[in-house]
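First comes the structure, then the notes that go with it.
There are 2 protein chains.
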Amino acid sequence: MNTVFKALADPTRRKVLELLRQHPMSAGELSDHFPVSRPTMSAHFAVLREADLIEANKIGTSVIYQLKLSVLEDALLGFTQLFGIGAGERKETREGADE
Amino acid sequence: MNTVFKALADPTRRKVLELLRQHPMSAGELSDHFPVSRPTMSAHFAVLREADLIEANKIGTSVIYQLKLSVLEDALLGFTQLFGIGAGERKETREGADE
DNA sequence: TCGATATTTAGCTAAATATCTAAATTAGAG
DNA sequence: CTCTAATTTAGATATTTAGCTAAATATCGA
Chain A
405 MNTVFKALAD
415 PTRRKVLELL
425 RQHPMSAGEL
435 SDHFPVSRPT
445 MSAHFAVLRE
455 ADLIEANKIG
465 TSVIYQLKLS
475 VLEDALLGFT
485 QLFGIGAGER
495 KETREGADE
Chain B
405 MNTVFKALAD
415 PTRRKVLELL
425 RQHPMSAGEL
435 SDHFPVSRPT
445 MSAHFAVLRE
455 ADLIEANKIG
465 TSVIYQLKLS
475 VLEDALLGFT
485 QLFGIGAGER
495 KETREGADE
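Protein chains in written order, with my numbering: chain A, 405 to 503; chain B, 405 to 503.
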């Protein structure tokens, strides 16, 4: 969960997730949306993979990244519920999800 | 919003917010919950203040910190809604809340 | 005013992070 | 087998961050 928040701390990575929300995309296609080099983007992907927020699938010479929405969901909802913020009822509605 | 996510990236700061969820607390009282020095905690408070996540009120020689839940709420819900995660219906349910 | 207490500021170090270019890797096309 | 394209790894640098100690600031009580 700490890795998830660390990953979300960077605007580039948050936007990568937003792009991936639409549909899976190759590393190159994702990179085209940002003004930084490919290696830099690759490093961002690594952080997102480390946080288990995205999944990589190699197809030919391309790597297709896909959002793992459930992981993002768990982290974010878990945290919001901690504060009694919105979200609330979903799945098993874990009440005592403290620390 | 970027400052909010940056602030949330650190576990100490997240826990400060959780402690503050219960009730306002002085800098010293908050510090007692962590194994780091007062100045270090003070720096964390500064980051949280910068993100507008907490509010400081001086009472005598103490500084009482208070959680600004609405700011946390806006950031978190705004982001979760971006992904169609849980939360959903709240306030005006801003659809095009991008970037 | 003096001394004690609470908090922040200054100044520093070590580690982490974001970025780059160049090189390595991998897979497909001819 | 060789060339090309896509991506990642290596290695370097600059910036940011989290932490510390010591000192400054502010307020209260005697």
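Heads up, the beta-carbon is just placed ideally off N, CA and C, and yes, glycines get one too.
Within chain A, the residues that residue i reaches when beta carbons sit closer than 9 angstroms
| i | result |
| --- | --- |
| B/Arg425 | Leu486, Phe487 and Gly488 |
| B/Leu481 | Thr484, Ile489, Gly490 and Ala491 |
Residues that residue i contacts on chain B, provided the C-beta gap is smaller than 7 angstroms
| i | result |
| --- | --- |
| A/Leu412 | Phe409 |
| A/Glu422 | Leu486 |
Beta-carbon separation (whole angstroms), residue i vs residue j, contact threshold 8 angstroms
| i | j | result |
| --- | --- | --- |
| B/Ala413 | A/Lys410 | 5 angstroms |
| B/Leu457 | B/Met445 | Not quite, the Cβ-Cβ distance comes to about 15 angstroms (not below 8 angstroms), so this is no contact. |
| A/Gly464 | B/Glu477 | Their Cβ separation, rounded to whole angstroms, is 44 angstroms, which puts A/Gly464 and B/Glu477 out of contact at 8 angstroms. |
| B/Met405 | B/Ala479 | 5 angstroms |
| A/Gly432 | A/Ser466 | 7 angstroms |
| B/Val451 | B/Arg417 | 6 angstroms |
| B/Thr536 | A/Thr407 | A query on residue 536 of chain B cannot be resolved here, the shown segment of chain B reaching from 405 to 503 and no further. |
Between the CA atoms of residue j and residue i - distance to the nearest angstrom
| i | j | result |
| --- | --- | --- |
| A/Leu471 | A/His448 | 14 angstroms |
| B/Pro420 | B/Ala460 | First, the residue type needs correcting, since residue 420 of chain B is Val and not Pro in the sequence shown. B/Val420 and B/Ala460: Cα-Cα distance of roughly 13 angstroms. |
| A/Tyr469 | A/Glu422 | 12 angstroms |
| A/Phe487 | B/Arg425 | 7 angstroms |
| A/Arg442 | A/Leu481 | 32 angstroms |
| B/Phe438 | B/Arg453 | 18 angstroms |
Amino acids of chain A, ordered along the chain, whose beta-carbon sits closer than 7 angstroms to that of residue i
| i | result |
| --- | --- |
| B/Pro415 | Asn406 |
Runs of alpha helix (DSSP H) lying entirely within the stretch 439-486 of chain A, each at least 4 residues, in chain order = 442-454 and 473-486
Give, in chain order, every residue of the stretch 458-476 of chain A whose Cβ lies closer than 9 angstroms to some Cβ of chain B.
-> Leu471, Leu473 and Leu476
Ordered list of alpha helix (DSSP H) runs contained in the stretch 411-440 of chain B, each at least 4 residues = 415-426 and 431-435
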